[in-house]
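Residue 740, in our numbering, is where the sequence shown stops; the numbers in between run on with no holes.
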Amino acid sequence: MSTGPPTTDPRWARPAFLALLLATGVLYLCNLQASGYANSFYSAAVQAGSQSWKAFFFGSLDAANAITVDKPPAALWPMALSVRLFGLNSWAILVPEVLMGVGTVAVVHASVRRRSGPGAALLAGAVLALTPVAALMFRFNNPDALLALLMAVACHLVVRALEDGRTRWLVWAGVAVGFAFLTKTLQAFLILPALAAVYAVCAPVRPRKRFAQLALATVALVVSGGWWVAVVELWPASSRPYIGGSQNNSFLELTFGYNGLGRLNGDETGSVGGGGGPGGGGRWGETGWDRMFDDDIGGQISWLLPAALILLVAGLVLARKAGRTDVTRAAFLVWGGSLLTTAVVFSFMAGIFHQYYTVALAPYMAAVTGMGAAALWHRRRETRAALTLAATVTATAAWGYVLLHRTPDYLPWLRWLVLVGGLTAALGLVFAGRAGRRVALAAAGLGVAASLAGPTAYTLSTVREGHSGSIVTAGPASTGMGGGPGGGGGPRNGTPPGADGTDGNGGFPGGGLGQDGFGAPPGADGTTPPGGAGTTTEAPGRGPRGGGAGMGGLLGGTDVDAEARELLEAGADDHTWAAAAVGAQNAASYQLATGEPVMAIGGFNGTDPSPTLAQFQQYVKDGRIHYFVSGGTGGGGGGGTGRGGGSGTGAASRITAWVQSHFTHVTAGSVTFYDLTRPTSEN
Numbered sequence: 058m059s060t061g062p063p064t065t066d067p068r069w070a071r072p073a074f075l076a077l078l079l080a081t082g083v084l085y086l087c088n089l090q091a092s093g094y095a096n097s098f099y100s101a102a103v104q105a106g107s108q109s110w111k112a113f114f115f116g117s118l119d120a121a122n123a124i125t126v127d128k129p130p131a132a133l134w135p136m137a138l139s140v141r142l143f144g145l146n147s148w149a150i151l152v153p154e155v156l157m158g159v160g161t162v163a164v165v166h167a168s169v170r171r172r173s174g175p176g177a178a179l180l181a182g183a184v185l186a187l188t189p190v191a192a193l194m195f196r197f198n199n200p201d202a203l204l205a206l207l208m209a210v211a212c213h214l215v216v217r218a219l220e221d222g223r224t225r226w227l228v229w230a231g232v233a234v235g236f237a238f239l240t241k242t243l244q245a246f247l248i249l250p251a252l253a254a255v256y257a258v259c260a261p262v263r264p265r266k267r268f269a270q271l272a273l274a275t276v277a278l279v280v281s282g283g284w285w286v287a288v289v290e291l292w293p294a295s296s297r298p299y300i301g302g303s304q305n306n307s308f309l310e311l312t313f314g315y316n317g318l319g320r321l322n323g324d325e326t327g328s329v330g331g332g333g334g335p336g337g338g339g340r341w342g343e344t345g346w347d348r349m350f351d352d353d354i355g356g357q358i359s360w361l362l363p364a365a366l367i368l369l370v371a372g373l374v375l376a377r378k379a380g381r382t383d384v385t386r387a388a389f390l391v392w393g394g395s396l397l398t399t400a401v402v403f404s405f406m407a408g409i410f411h412q413y414y415t416v417a418l419a420p421y422m423a424a425v426t427g428m429g430a431a432a433l434w435h436r437r438r439e440t441r442a443a444l445t446l447a448a449t450v451t452a453t454a455a456w457g458y459v460l461l462h463r464t465p466d467y468l469p470w471l472r473w474l475v476l477v478g479g480l481t482a483a484l485g486l487v488f489a490g491r492a493g494r495r496v497a498l499a500a501a502g503l504g505v506a507a508s509l510a511g512p513t514a515y516t517l518s519t520v521r522e523g524h525s526g527s528i529v530t531a532g533p534a535s536t537g538m539g540g541g542p543g544g545g546g547g548p549r550n551g552t553p554p555g556a557d558g559t560d561g562n563g564g565f566p567g568g569g570l571g572q573d574g575f576g577a578p579p580g581a582d583g584t585t586p587p588g589g590a591g592t593t594t595e596a597p598g599r600g601p602r603g604g605g606a607g608m609g610g611l612l613g614g615t616d617v618d619a620e621a622r623e624l625l626e627a628g629a630d631d632h633t634w635a636a637a638a639v640g641a642q643n644a645a646s647y648q649l650a651t652g653e654p655v656m657a658i659g660g661f662n663g664t665d666p667s668p669t670l671a672q673f674q675q676y677v678k679d680g681r682i683h684y685f686v687s688g689g690t691g692g693g694g695g696g697g698t699g700r701g702g703g704s705g706t707g708a709a710s711r712i713t714a715w716v717q718s719h720f721t722h723v724t725a726g727s728v729t730f731y732d733l734t735r736p737t738s739e740n
């Protein structure tokens with residue numbers, strides 16, 4: 058196998074690359090406004106960061122800095138800067154995510170081109186851009202878009218370091234992983250064992266220098282990822298927001314608990330519940346070696362996953378006789394090792410797991426697919442290479458048929474087209490080495506088309522729909538992928554919730570609709586944002602797909618009508634917080650509708666012990682909170698209030714009980730508010 062990058066590219070390479078980036082950008086921008094504020098949890102934090110630099114730095118949910126999101130803030134920073142420049146609207150929030158998607162495609166293309174040529178790079182870029190979960194998350198405001206970009210950058214830089222042994226590339230890779238940590242904490246470290254092992258073995262420098270370089274990269278990682286942590290931990294807790302998702306107001310506890318080991322073993326204090334053990338079922342789905350291929354997740358990511366695994370093995374077999382420092386083999390190990398380690402962790406983690414997490418696999422899968430296909434294509438005159446190419450296309454077409462068959466009412470003709478086209482292409486590839494160049498190219502083109510037809514259709518369905526709430530899935534609405542408690546992937550098998558005699562959401566009432574529980578996320582003016590966020594092409598009026606108002610507003614907040622908005626806006630300037638509400642999604646809805654800070658009692662789940670009852674009482678005494686919103690998140694162990702009153706035993710339920718017994722309530726629209734400036738007569 059070649060040990061150096063191609064010296065020159067054909068004339069078509071650069072125009073084709075630019076066309077790939079342009080097509081990706083146009084695809085991801087299409088119908089972008091349909092998602093409105095997407096995940097209002099993060100949109101509220103973006104709004105806060107655009108109003109307050111302190112909220113920007115800490116990742117606060119509100120500009121008055123009551124509590125942070127349950128992640129570090131790096132993913133919020135680009136969106137908050139965009140909103141500062143262009144104002145609060147769907148485009149300002151989501152266009153930075155689209156640019157991250159285009160950037161990730163560019164990085165994967167650049168890395169694959171250096172090792173395998175422009176044709177392989179175009180294939181890799183197309184595979185990434187047309188992966189359904191990538192089209193979902195690069196148009197959504199969760200942290201996963203930035204994480205995928207930074208992980209791809211890290212892999213690319215490690216491969217560059219393996220080419221010439223220069224320290225700078227490895228150090229910059231450490232910086233990329235450090236900022237990935239500031240995006241989604243320990244998930245950034247999943248690929249570190251693979252990257253470090255490959256460099257330690259394959260780098261073209263002496264062993265002592267290899268380990269010194271790895272040490273410097275580690276220092277770069279710690280500095281780039283640790284500076285913010287150090288500031289937060291050293292900052293007096295009394296003058297910064299509470300660390301959301303933690304039980305002790307500590308980012309380190311959040312990192313190693315709720316967002317760390319808890320994700321692996323399911324023991325997540327303050328969470329809404331864990332999962333099952335290996336092979337067992339739980340709230341977050343079945344775990345096991347086949348998790349990436351199951352009914353919930355397969356259509357999100359696995360279309361080209363069988364091909365990537367076959368091509369990874371093939372690439373390593375072809376390089377088995379190469380020297381220790383062979384860069385092409387090392388590139389397979391870097392991208393393939395990242396793919397395998399991440400997939401294994403995702404497959405067996407028992408804690409919170411959502412389908413959209415699998416976007417992390419997309420860059421690795423795309424790179425391996427492009428490199429492996431090119432390696433076999435260059436050797437297609439060899440019988441084993443031709444047969445392996447044919448087997449790859451056959452496996453991909455057969456798996457595409459299976460995935461499409463899981464949604465039998467969705468383009469029923471497509472699965473047969475994929476299967477027949479793939480088998481025909483595979484037959485042609487068997488004889489590719491002995492046939493003419495045109496015949497071989499035709500067979501290869503048909504194979505690529507058949508392999509990408511299924512994910513392309515799912516991607517186009519994803520782009521046509523709006524997505525909102527905490528749990529979102531790619532593909533047509535009829536896929537009915539639940540996404541853990543509260544559902545959120547649209548009605549199962551095309552059946553609206555309740556039509557089959559159940560809630561349609563795996564047993565959790567209210568999930569699976571839009572953010573407001575009916576479809577449309579509230580706009581900045583308290584109404585649906587321009588562009589029809591409350592509609593989809595699949596079912597008019599259903600609204601953006603995603604985890605909705607399930608579990609008492611845990612997954613998607615609530616609708617805010619004009620009467621409620623006017624109530625909260627009146628006199629808001631005289632208070633630090635216009636209102637307080639249990640649960641972050643609930644609070645976010647009112648904050649986005651009014652533009653005024655709204656305190657999220659208990660953080661995302663309503664289970665964080667912030668504020669305590671005593672703290673809340675002091676805020677009320679000082680006149681810092683105007684209204685308390687009745688209802689909110691159903692709390693679990695930490696005690697939320699539930700929409701119907703109070704349940705649980707935590708701080709949120711104690712605050713609710715105190716407010717209800719001491720203050721006058723008013724009704725605005727369909728919601729009850731307690732005016733914290735008007736005690737009841739008996740008090």
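All C-beta atoms, glycine included, are put in the ideal place defined by N, C-alpha and C.
Can you tell me whether residue i is buried or exposed, with buried defined as 16 or more other CB within 10 angstroms of its CB?
i: PHE389; result: buried
i: PHE113; result: buried
i: GLN642; result: buried
i: GLN244; result: buried
i: GLY337; result: With a pLDDT of 48 at GLY337, under the threshold of 50, the predicted position of this residue should be treated as unreliable, and no value is reported.
i: GLU154; result: buried
How long is the line joining the alpha carbons of residue i and residue j, rounded to whole angstroms?
i: HIS213; j: ARG267; result: 18 angstroms
i: TYR94; j: GLY526; result: 9 angstroms
i: ASP665; j: ALA230; result: 35 angstroms
i: ALA619; j: LEU84; result: 34 angstroms
i: THR729; j: GLU290; result: 38 angstroms
i: ALA454; j: VAL126; result: 42 angstroms
i: ALA274; j: ALA131; result: 20 angstroms
i: ASN88; j: ARG521; result: 6 angstroms
i: PHE661; j: ALA137; result: 20 angstroms
i: LEU239; j: PRO250; result: 19 angstroms
i: GLY523; j: ARG263; result: 53 angstroms
i: ALA70; j: SER518; result: 30 angstroms
i: PHE195; j: ALA202; result: 5 angstroms
i: THR633; j: PHE673; result: 13 angstroms
i: THR445; j: PRO654; result: 59 angstroms
i: ARG436; j: ALA260; result: 26 angstroms
i: GLY605; j: PHE98; result: Interpretation of GLY605 is limited by its pLDDT of 43, a score under 50 that renders its predicted location unreliable; the figure taken from the coordinates is listed afterwards. Cα-Cα distance, rounded: 12 angstroms.
Please state whether DSSP places residue i in a helix, a strand or coil.
i: GLY688; result: strand
i: LEU476; result: helix
i: THR729; result: strand
i: THR724; result: strand
i: GLY568; result: The predicted model places GLY568 with a pLDDT of 31, which falls under 50 and marks its position as unreliable; any figure quoted below should be read in that light. Coil, per DSSP.
i: VAL370; result: helix
i: SER117; result: strand
i: PRO736; result: strand
i: TYR299; result: strand
i: ALA636; result: strand
i: ALA443; result: helix
i: MET194; result: helix
i: HIS524; result: strand
i: MET406; result: coil
i: HIS719; result: helix
Return the first residue and the last residue of the beta strand (DSSP E) that residue i is part of.
i: ARG436; result: ARG436 -> no beta strand (DSSP E), and no H or E assigned at all.
i: TRP292; result: Neither: TRP292 is in no beta strand (DSSP E) and is coded neither H nor E.
i: ILE658; result: 655 to 658
Considering only the alpha carbon of each residue, which of the options lies closest to residue i?
i: LEU321; options: ALA407, TYR256 and SER168; result: ALA407
i: TYR458; options: TRP392, VAL716, PRO512 and PRO175; result: PRO512
i: MET208; options: LYS111, GLY160, ALA430 and ARG297; result: GLY160
i: PRO533; options: LEU484, ARG463 and ALA489; result: ARG463
i: THR426; options: SER173, GLN717, VAL152 and PRO135; result: SER173
i: ALA163; options: LEU75, PHE98 and ARG225; result: LEU75
i: GLU220; options: ARG381, THR734 and GLY502; result: ARG381
Give the range of the alpha helix (DSSP H) segment to which residue i is assigned.
i: TRP148; result: 147 to 173
i: MET208; result: 201 to 221
i: VAL140; result: 133 to 143
i: LEU79; result: 70 to 86
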